[in-house]
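Remarks on the structure that follows.
2 protein chains.
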Amino acid sequence: MSRLVKIYDTTLRDGTQGEGVAFSMEDKVRLAQRLDVLGVHYIEGGWPGSNPKDMRFFRRIQDVPLKHARVAAFGATRRPGIKAEDDPSLQALVEARTPVATIFGKSWPFHVTHALGTTLPENLAMIADSVAFLGRHVEEVVYDAEHFFDGFKRDREYALRTLEAAEGAGAQCLVLCDTNGGSLPHEVAEIVREVRRHVRVPVGIHAHNDGECAVANSLAAVLEGAEQVQGTVNGFGERCGNANLISVIPNLALKLGIQAIPDLGLRELREVARYASELANRTPWQHQPFVGDSAFAHKAGMHVSAVLKHPETYEHVTPELVGNRRRVLVSELAGKSNVLWKAQEYGLDLGKDTPETRRILETLKALEDEGYLFEGAEASFELLMERALGNHRTWFELEGYRVTVEAREGDREPFAEATVRLRVKGIAEHTAAAGNGPVNALDHALRKALEEFYPHLREMTLIDYKVRILDESRGTAAKTRVLITSGDGEDTWGTVGVAHNIIDASWQALVDSIEYKLRRAERRGLA
Amino acid sequence: MSRLVKIYDTTLRDGTQGEGVAFSMEDKVRLAQRLDVLGVHYIEGGWPGSNPKDMRFFRRIQDVPLKHARVAAFGATRRPGIKAEDDPSLQALVEARTPVATIFGKSWPFHVTHALGTTLPENLAMIADSVAFLGRHVEEVVYDAEHFFDGFKRDREYALRTLEAAEGAGAQCLVLCDTNGGSLPHEVAEIVREVRRHVRVPVGIHAHNDGECAVANSLAAVLEGAEQVQGTVNGFGERCGNANLISVIPNLALKLGIQAIPDLGLRELREVARYASELANRTPWQHQPFVGDSAFAHKAGMHVSAVLKHPETYEHVTPELVGNRRRVLVSELAGKSNVLWKAQEYGLDLGKDTPETRRILETLKALEDEGYLFEGAEASFELLMERALGNHRTWFELEGYRVTVEAREGDREPFAEATVRLRVKGIAEHTAAAGNGPVNALDHALRKALEEFYPHLREMTLIDYKVRILDESRGTAAKTRVLITSGDGEDTWGTVGVAHNIIDASWQALVDSIEYKLRRAERRGLA
Numbered sequence: 002m003s004r005l006v007k008i009y010d011t012t013l014r015d016g017t018q019g020e021g022v023a024f025s026m027e028d029k030v031r032l033a034q035r036l037d038v039l040g041v042h043y044i045e046g047g048w049p050g051s052n053p054k055d056m057r058f059f060r061r062i063q064d065v066p067l068k069h070a071r072v073a074a075f076g077a078t079r080r081p082g083i084k085a086e087d088d089p090s091l092q093a094l095v096e097a098r099t100p101v102a103t104i105f106g107k108s109w110p111f112h113v114t115h116a117l118g119t120t121l122p123e124n125l126a127m128i129a130d131s132v133a134f135l136g137r138h139v140e141e142v143v144y145d146a147e148h149f150f151d152g153f154k155r156d157r158e159y160a161l162r163t164l165e166a167a168e169g170a171g172a173q174c175l176v177l178c179d180t181n182g183g184s185l186p187h188e189v190a191e192i193v194r195e196v197r198r199h200v201r202v203p204v205g206i207h208a209h210n211d212g213e214c215a216v217a218n219s220l221a222a223v224l225e226g227a228e229q230v231q232g233t234v235n236g237f238g239e240r241c242g243n244a245n246l247i248s249v250i251p252n253l254a255l256k257l258g259i260q261a262i263p264d265l266g267l268r269e270l271r272e273v274a275r276y277a278s279e280l281a282n283r284t285p286w287q288h289q290p291f292v293g294d295s296a297f298a299h300k301a302g303m304h305v306s307a308v309l310k311h312p313e314t315y316e317h318v319t320p321e322l323v324g325n326r327r328r329v330l331v332s333e334l335a336g337k338s339n340v341l342w343k344a345q346e347y348g349l350d351l352g353k354d355t356p357e358t359r360r361i362l363e364t365l366k367a368l369e370d371e372g373y374l375f376e377g378a379e380a381s382f383e384l385l386m387e388r389a390l391g392n393h394r395t396w397f398e399l400e401g402y403r404v405t406v407e408a409r410e411g412d413r414e415p416f417a418e419a420t421v422r423l424r425v426k427g428i429a430e431h432t433a434a435a436g437n438g439p440v441n442a443l444d445h446a447l448r449k450a451l452e453e454f455y456p457h458l459r460e461m462t463l464i465d466y467k468v469r470i471l472d473e474s475r476g477t478a479a480k481t482r483v484l485i486t487s488g489d490g491e492d493t494w495g496t497v498g499v500a501h502n503i504i505d506a507s508w509q510a511l512v513d514s515i516e517y518k519l520r521r522a523e524r525r526g527l528a
Numbered sequence: 002m003s004r005l006v007k008i009y010d011t012t013l014r015d016g017t018q019g020e021g022v023a024f025s026m027e028d029k030v031r032l033a034q035r036l037d038v039l040g041v042h043y044i045e046g047g048w049p050g051s052n053p054k055d056m057r058f059f060r061r062i063q064d065v066p067l068k069h070a071r072v073a074a075f076g077a078t079r080r081p082g083i084k085a086e087d088d089p090s091l092q093a094l095v096e097a098r099t100p101v102a103t104i105f106g107k108s109w110p111f112h113v114t115h116a117l118g119t120t121l122p123e124n125l126a127m128i129a130d131s132v133a134f135l136g137r138h139v140e141e142v143v144y145d146a147e148h149f150f151d152g153f154k155r156d157r158e159y160a161l162r163t164l165e166a167a168e169g170a171g172a173q174c175l176v177l178c179d180t181n182g183g184s185l186p187h188e189v190a191e192i193v194r195e196v197r198r199h200v201r202v203p204v205g206i207h208a209h210n211d212g213e214c215a216v217a218n219s220l221a222a223v224l225e226g227a228e229q230v231q232g233t234v235n236g237f238g239e240r241c242g243n244a245n246l247i248s249v250i251p252n253l254a255l256k257l258g259i260q261a262i263p264d265l266g267l268r269e270l271r272e273v274a275r276y277a278s279e280l281a282n283r284t285p286w287q288h289q290p291f292v293g294d295s296a297f298a299h300k301a302g303m304h305v306s307a308v309l310k311h312p313e314t315y316e317h318v319t320p321e322l323v324g325n326r327r328r329v330l331v332s333e334l335a336g337k338s339n340v341l342w343k344a345q346e347y348g349l350d351l352g353k354d355t356p357e358t359r360r361i362l363e364t365l366k367a368l369e370d371e372g373y374l375f376e377g378a379e380a381s382f383e384l385l386m387e388r389a390l391g392n393h394r395t396w397f398e399l400e401g402y403r404v405t406v407e408a409r410e411g412d413r414e415p416f417a418e419a420t421v422r423l424r425v426k427g428i429a430e431h432t433a434a435a436g437n438g439p440v441n442a443l444d445h446a447l448r449k450a451l452e453e454f455y456p457h458l459r460e461m462t463l464i465d466y467k468v469r470i471l472d473e474s475r476g477t478a479a480k481t482r483v484l485i486t487s488g489d490g491e492d493t494w495g496t497v498g499v500a501h502n503i504i505d506a507s508w509q510a511l512v513d514s515i516e517y518k519l520r521r522a523e524r525r526g527l528a
């Protein structure tokens with residue numbers, strides 16, 4: 002099927018209706034630029050009539066050059082009983098000065114009479130007037146038919162008449178919205194088919210995920226001829242979210258042969274997904290289709306050797322096409338071949354069925370029982386392998402540390418301080434440092450003690466610090482797992498620590514992180 | 002559509018293939034009991050031939066009375082070139098002594114020749130022999146046709162012959178597996194339709210979520226006559242997971258009129274979903290369809306009043322039917338009606354458009370800018386409202402605290418100690434306590450100081466302690482948000498603290514938690 006389907010991204014507008022999703026104005030601009038590189042056709046930036054942040058975004062985005070995407074502003078049809086040109090919300094849409102204006106109107110008689118409190122004919126006039134008014138001020142008017150599928154099921158004729166009103170007034174696309182998100186794919190297919198018999202302009206689909214069918218609903222509409230798919234990055238959005246464009250796009254391209262965005266954009270999908278999560282301050286969705294860390298992760302021991310030989314028979318698409326990669330997991334279910342694969346990745350020579358292999362597997366199992374997870378902490382796993390093989394070098398010996406946090410009445414913030422006592426190359430070191438928290442202070446004191454001996458540590462920074470409470474039901478007495486990601490501009494690596502005491506767990510991950518850096522430098526003859 | 006569809010749960014087997022999902026043997030038994038109460042027809046407990054933990058589970062589950070569910074053990078067809086009765090894996094299936102045995106076989110010629118390394122006719126014999134052998138030892142044999150859809154697309158005839166082999170040997174159900182998870186609903190519908198023309202026994206569906214269509218694929222198969230749906234709680238499973246039964250079941254019941262499990266079970270869906278997350282130690286999926294915290298959460302200010310009046314026109318199903326509830330969110334997008342609704346819930350009398358309403362909204366906005374999130378911390382929000390209204394009572398005044406964590410060479414664990422200085426009812430208190438971590442020590446010292454004045458605090462326990470690093474990219478210098486859930490056997494409540502210093506953030510949440518408890522006791526005339 003080789004035809005054009007346009008991608009309409011509403012992450013910046015409908016996506017921000019999601020619980021826990023909020024973007025600053027600058028973040029919205031940054032995300033819009035990434036979406037443009039991805040190659041989406043439309044970026045809906047906000048609802049200028051609803052809040053001042055959105056209007057500031059539209060002013061700011063005018064100075065940002067975009068290559069692919071057209072910016073759309075969102076709003077509603079005029080209020081009942083006034084002229085379109087007198088409606089402040091429609092005026093705000095015009096003031097947003099975007100090439101595209103998208104307005105939603107009511108399709109479901111109940112919503113017309115109860116939510117709007119007006120008559121069915123007046124609602125049709127509101128749709129027609131508003132579309133016509135915007136048509137005089139912007140290049141392209143998109144009409145979002147709110148609650149379309151639910152409305153159609155109750156009153157097919159009226160729902161179709163609302164679309165005709167928008168079409169007659171010059172709307173360039175009629176988007177059928179499953180606003181409550183409960184429709185199933187076979188219903189969407191049937192209703193899109195019927196609608197297309199009644200209208201001439203292109204039809205679009207705007208699905209929500211309340212029945213966990215938003216992606217399938219979007220594809221069902223496209224298979225029936227819909228030419229625009231609205232959705233959000235990672236499916237961000239109100240309640241259970243919108244249709245997830247990060248899944249819709251590769252399904253279209255790699256399954257249905259509909260190349261909505263350029264190939265190069267396809268390879269950006271994982272990056273864009275993670276970028277949006279980062280800006281929204283949401284943990285990336287580990288099991289996310291196509292782009293999640295687990296999407297091409299192979300765990301079951303028996304599969305691993307076969308996967309490596311013939312990946313195309315164990316993976317629905319090639320991970321690299323969507324910017325992802327294959328992973329082999331280390332876990333209690335792992336057969337030996339997984340460990341061998343990991344070991345091979347790290348350049349460690351482990352023969353099958355040797356005492357070393359068994360020792361590593363046993364250590365791994367014991368540590369996982371304590372709550373360690375090496376998924377995401379490959380550097381700690383590498384150090385574990387070296388220790389099991391007896392190849393581990395000791396870079397320093399700990400004599401002790403102390404961390405103190407002290408709060409006093411009247412102080413703005415409590416004071417955090419750490420002291421560390423080490424022996425490095427036979428020399429006793431005793432350092433102290435402050436920080437804006439206990440782990441930060443410990444990090445500073447440890448580096449102070451080590452950097453004069455190992456100047457390469459200055460290149461290293463902590464990129465990410467994550468805390469997970471294991472067995473959360475034990476309250477503040479629960480075990481803590483700390484995952485630290487470090488980098489040196491060239492490479493990044495993850496380390497893990499587990500303890501009842503968060504300071505101790507952090508200490509383990511910090512130490513692993515530093516040892517890994519020293520070991521890498523040594524291998525290159527630098528330390 | 003009023004017909005029977007059977008639910009086959011494989012959370013305990015295929016679900017544990019998911020990254021980050023592992024259950025202890027006891028947890029498997031507990032979860033099986035919950036699944037039985039839910040009313041699923043089959044519980045696949047594990048693969049007895051693959052690991053000793055699974056065999057222990059099958060021994061243990063024989064002593065557990067189940068009301069609805071039949072237990073199934075999972076395995077593979079016999080190895081090439083040997084007799085079924087000589088295959089140790091099939092023997093293990095018989096030894097599991099379950100009423101149901103499920104075995105998978107190959108449907109895709111490539112997998113037969115390359116992964117199994119045998120011939121196409123021998124594969125058919127392996128299927129027939131293994132099904133026939135099991136049929137002599139168990140009540141019911143289910144045949145899982147691995148890679149069926151991919152195999153069918155490559156070699157329709159051979160794929161159908163594998164099913165005929167299983168049917169001819171007495172399999173009671175033929176389950177079509179989308180093992181790589183990439184099929185789309187229209188393909189699944191078409192292939193199930195064709196298969197049903199060729200076989201007489203019931204057909205089942207086993208979908209994976211790699212294309213984000215597993216639920217839709219399961220429904221598509223049912224609409225074409227499939228009578229068994231395999232899946233897992235919350236969609237746990239390898240890579241992107243299996244079909245999520247927590248969505249499949251209510252879609253069947255509430256959309257298609259297929260009552261797979263009893264009504265009472267339907268109401269347990271949310272509880273079971275959360276229970277499985279808890280046992281798997283995975284954070285519940287906030288935006289999960291039907292049962293997530295956000296599934297019926299309304300954020301946009303303009304909707305809220307309409308939702309409250311006519312929920313059925315804004316929600317695809319009634320939340321209570323699946324054990325969930327409607328929520329109104331407090332957030333920067335909130336119009337005043339949200340705050341009023343929350344205030345009303347807490348029994349605070351806020352008139353619209355008063356200076357108090359504005360003051361609360363402003364405080365809220367300022368705190369959210371700092372990283373506070375009151376979603377999930379309703380108790381802190383209630384205290385915030387009281388402070389803004391000037392109704393807040395001071396229960397104690399902090400003079401200072403100090404927390405120390407000290408590690409010494411040779412100690413097994415570092416030592417954590419806290420001291421707290423307070424004034425309570427005019428009296429100076431200075432206490433010290435140890436703990437297994439800094440926050441735990443602080444919690445102990447604070448309670449020690451307060452319990453003699455407020456004995457009701459002894460009823461209170463910390464149920465849950467969560468840490469989220471905000472702006473994770475700042476490493477150990479990042480801001481920390483702590484969420485604490487507390488309870489007193491009667492009620493539970495959430496509180497929040499935000500600071501650069503994790504100790505300080507924890508302190509804020511601890512203090513709010515205690516003040517909330519004291520306030521509740523006072524209102525009841527107890528404090």
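Protein chains in written order, with this note's numbering: chain W, 2 to 528; chain E, 2 to 528. Heads up, the beta-carbon is just placed ideally off N, CA and C, and yes, glycines get one too.
So if DSSP puts residue i in a beta bridge, which residue, or which two residues, is it bridged to?
i, result
"W:His207", "W:Cys178, W:Gln231"
"E:Trp286", "Per DSSP, none; premise fails for E:Trp286."
"E:Gly401", "W:Arg409, E:Arg422"
"E:Lys107", "E:Glu147"
"E:Asn245", "E:Thr233"
For residue i versus residue j, is the C-beta distance shorter than 8 Å?
i, j, result
"E:Gly226", "E:Val193", "yes"
"W:Val142", "W:Ala102", "yes"
"E:Arg409", "E:Thr420", "no"
"E:Ser381", "E:Thr486", "no"
"W:Gly324", "W:Val292", "yes"
Could you check whether the Cβ of residue i sits closer than 8 Å to any Cβ belonging to chain E?
i, result
"W:Ile503", "yes"
"W:Tyr402", "yes"
"W:Phe150", "no"
"W:Arg240", "yes"
"W:Lys467", "yes"
Spatial neighbours of residue i within its chain, please: C-beta separation below 6 Å, excluding the five flanking residues on both sides.
i, result
"E:Arg71", "Tyr43, Pro100, Val101"
"W:Leu390", "Glu357"
Sorted by chain position, which residues of the same chain lie with C-beta nearer than 7 Å to residue i's C-beta, five sequence neighbours on each side aside?
i, result
"E:Arg79", "Ala85, Asp88, Leu91, Met127, Asp130, Ser131"
"W:Val139", "Thr99, Pro100, Val101, Ala102"
"E:Ile62", "Val30, Ala33, Gly46, Val72"
For chain W, is any of its Cβ atoms less than 8 Å away from the one on residue i?
i, result
"E:Asp211", "yes"
"E:Phe134", "no"
"E:Ala335", "Low per-residue confidence applies at E:Ala335: pLDDT is 47, beneath 50, and the placement is therefore not dependable enough to give any value."
"E:Gln287", "yes"
"E:Leu220", "yes"
Looking only at its chain, what residues have a beta carbon closer than 8 Å to the beta carbon of residue i, apart from the 5 residues adjacent to it on each side?
i, result
"W:Trp48", "Arg14, Asp55, Ala74, Phe75, Gly76"
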